[in-house]
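Please read the structure below before turning to the comments.
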Amino acid sequence: MSTLETTLTLIGGPTVLIELAGFRLLTDPTFDEPGAYHSGTVTLEKTRPAFLPTVAATFTTPIGAGRLGGAARGLAPWETALLEGGDGRRLHVTATPARHGPVGIEPIAGDVAGFLLGVDAPGDAVYVSGDTVWYEGVAEVARRFEPRLVILFAGSAKPRGPFHVTMDNNDAIEAAHAFAKARILAVHNDGWAHFTESQADLARAFGALGLADRLETLAPGRALRLAL
């Protein structure tokens, strides 16, 4: 198996610049400035900005693509699209199932998705969990694919009460065991007031269970180069 090289830069919150196989991808970009954002009875407080440059393609859920229009493309779970560069570069993008909280949250949270990136074959490089907790859909991703790097949306976000809608430390540990051969990287744990577990919290949890050597960390604005 050939070595893959990737460079990762944390913009903030869930937004990471991934450079892989000559492509540059931005995860879950947010356009909003810091401040309080109201949605019905829920108020979310953003503490850091993020940005998105002009891009050729945006991958999201089918419903999300309908709302965004333009270059947005909706992928159903397990559906794969192929990005092709002008010099023969190719990257497989595969949508994965995700659930943004406990069972029953779907009518409130709406459709969400994760994505796999593959260089030589679908899903052989990077898995980005998206806004999800640990549940059977994520376990199925681990059964079907063997990504070398798993990027988890952690932070145990709690915008609507006592339950979390992104992975908490326990969920991240479950994922680390399910993706037993992958290196683990957690984002989505800074930049919003409703994130309740930090990157340091996760590092302590992994260390307590002997998993510290599996966990990579990102500092905002600093590029991390990995050989996978």
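FYI, the numbering for the sequence shown is 43 to 270, going by the numbering used here. Glycine included, every Cβ here is placed at the ideal spot set by N, Cα and C.
Nearest neighbour of T45 by Cα position, chosen from L62, L52, T57, turns out to be L62. For E126, the enclosing beta strand (DSSP E) begins and ends at 122 to 126.
Bounds of the alpha helix (DSSP H) holding H219 are 211 to 220. In terms of Cβ geometry, F65 and G127 form a close pair [threshold 8 angstroms].
Under DSSP, A167 takes part in no beta bridge, so it has no partner. Counted as a single uninterrupted DSSP element, the beta strand (DSSP E) harbouring A265 occupies residues 265 to 269.
By the Cβ neighbour-count rule, A196 is buried, with 16 or more other Cβ atoms within 10 Å of its own.
Annotation: A167 to T138 spans about 14 angstroms, alpha carbon to alpha carbon. DSSP places A137 in the strand class (E or B) of the three-state scheme.
With contacts defined as CB atoms closer than 8 angstroms, L253 and A224 fail to qualify as a contacting pair. Just measuring C-alpha positions, the residue of E121, T174, T136, V170 sitting nearest I147 is T174. DSSP places V229 in the strand class (E or B) of the three-state scheme.
By DSSP's assignment, I147 forms no beta bridge with any residue.
When only Cα atoms are considered, P204 and D210 end up about 13 angstroms apart.
For P201, the closest of V135, A235, G165 by C-alpha to C-alpha distance is A235. In the three-state DSSP reduction, G156 falls in the strand class (E or B).
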